[in-house]
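Colleague:
Okay, here's the thing in structure tokens:
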């Protein structure tokens, strides 16, 4: 498990392709790998990877299967690429973000970047099936960072996050621009709530469900609203 609080930025030092997988050597910030063991988990742009070899206290090797390369942004990494990294949470660790599994649900694309004073705003386009899990003030993980959704347009299929200077300093988000691909892990409690509501409504309404979904979509709403109350998705705004 990870907390979604990025601990630093690593650089891809070497890439080796082997049958069925690709091996990465990551160079970490000084001291990041101190005490790291073979078999340990490291979140790499949000993807849970396993250490296969160590190179002192500042570098390690990871093997990535072809499926993971195809389903995440890791397939686009080259030597010199920079990635967000976080070590697995220890028992009793403070959860400064929200619990993450390191299993990416989908990738999304940056469509707009704005830079108001002392902030950066990313607008992110989401594949239609996944937008139902994105709520304003809800948690979401982007490239391994726990963030709070600032705005969400369900009909247009995008959401925005606001990033403060400290977040930009500790992550690679300052380098992102339109067209860049991001790894997204949705908040699991949100997914369970939305799916439960949809399944319940489908059982009760049967053939009427498609008409109801169409009506709500025209209003820019989702069927989760019929549960009577939205899940408690928010918390302190994290950016």
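Numbering (full-length UniProt numbering), first residue to last: 1 to 239.
All C-beta atoms in this analysis are idealised placements derived from N, C-alpha and C, irrespective of residue type, glycine included.
Tell me whether residue 8 sits in a helix, a strand or coil according to DSSP, three-state version.
Modeller: Residue 8 falls in the strand class under three-state DSSP.
Colleague: Using beta-carbon positions only, say whether residue 126 and residue 149 come within less than 8 Å of one another.
Modeller: No, the Cβ-Cβ distance between residue 126 and residue 149 is not below 8 Å.
Colleague: Could you check the C-alpha separation between residue 103 and residue 30 for me, to the nearest Å?
Modeller: Approximately 27 Å between the Cα atoms of the pair.
Colleague: Do the CB positions of residue 173 and residue 122 come within less than 8 Å of each other?
Modeller: Yes, they are a contact pair.
Colleague: Using 8 Å for Cβ pairs, my map puts residue 124 next to residue 145. What's the rounded Cβ distance?
Modeller: The Cβ separation is near 13 Å, so there is no contact.
Colleague: Between the Cα of residue 20 and those of 214, 65 and 195, spot the shortest distance and give me the residue it belongs to.
Modeller: Taking only the C-alpha atoms, the option nearest residue 20 is 65.
Colleague: Taking the straight line between their C-alpha atoms, what separation do you get for residue 27 and residue 8?
Modeller: For residue 27 and residue 8, the distance between alpha carbons rounds to 11 Å.
Colleague: On a CA-only basis, which of 151, 143, 198 and 162 is nearest residue 86? Give me that one, please.
Modeller: Residue 86 has its Cα closest to that of 143, out of 151, 143, 198 and 162.
Colleague: Pull up the distance between the alpha-carbon of residue 118 and that of residue 176, whole angstroms please.
Modeller: Each residue's alpha carbon lies about 16 Å from the other.
Colleague: Verify the CB distance criterion: does residue 11 have a CB-CB separation below 8 Å to chain B?
Modeller: No chain B is part of this structure, which consists of one protein chain only.
Colleague: For residue 65, does the three-state DSSP call read helix, strand or coil?
Modeller: Strand at residue 65.
Colleague: Residue 155 by DSSP, collapsed to three states: which one?
Modeller: DSSP places residue 155 in coil when its eight states are reduced to three.
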